[in-house]
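Before any comments, here is the structure.
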Amino acid sequence: MASPGLKSTPNNHSYTSIDSFNSQQTDESALELEEVVGLTTKNASGLASDPSTGVCAYVAGCVAVVFAVDSGARSYLMVSSRPPKPLSCVALSRGGGGGYVAAGESGQQPAILIWDRLTHTLLSTLKGHNYGVSCIDFSPDGR
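Right under this line is the structure:
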């Protein structure tokens, strides 16, 4: 016998109807990414580091992972305002004072995303590329 909210198919497999599933979904803003395993970079542009702060960053699917080498703390940066695209490259601004993380998307009509490294706030979405962004960096003077 099927559980409440589940229906049985002719071969007795249970399934949840789309209407039932949609009414049970939680608010997206309440969801939080707990862990990222691995990375998806195909070349060095998917990895970045700032030796002066001991921070490195890498791409894992549609997430930019920022890793503090000394403490082991991780931050996960992603876009939540629209369907995400896989990230292909990442960059860190250099020097103290917090800084920024930039990541480039792959695929058609990609964007460059810029976050505040400390608050994890998405500050800017730069559009205008036709095809995937393959490399990105900040200038040495931070501009």
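Each residue of the sequence shown is one higher than the one before, starting from 1 at the first, in UniProt numbering. For glycine and all other residues, C-beta sits at the position ideal for the given N, C-alpha and C.
So the beta strand (DSSP E) residue 79 belongs to, where does it begin and stop? That residue, residue 79, is in no beta strand (DSSP E); it is neither H nor E in DSSP.
Taking the alpha-carbon positions, what's the residue 60 to residue 86 distance? 8 Å
Since I believe residue 136 is in contact with residue 104 (beta carbons under 8 Å), could you give me their beta-carbon distance rounded to a whole number of angstroms? 5 Å
Are the beta-carbon atoms belonging to residue 64 and residue 115 less than 9 Å from one another? yes
Grouping DSSP H, G and I as helix and E and B as strand, with all else coil, what is residue 139? coil
Do residue 77 and residue 120 count as a contact pair if the criterion is CB distance below 9 Å? yes
Give the straight-line distance between the Cα atoms of residue 134 and residue 100, rounded to the nearest whole angstrom. 19 Å
In chain order, which continuous runs of the beta strand (DSSP E) of length 3 or greater are located wholly inside the stretch 85-110? 87-92, 100-105
What is the DSSP secondary structure of residue 134, reduced to helix, strand or coil? coil
Helix, strand or coil at residue 45 [DSSP, three-state]: helix
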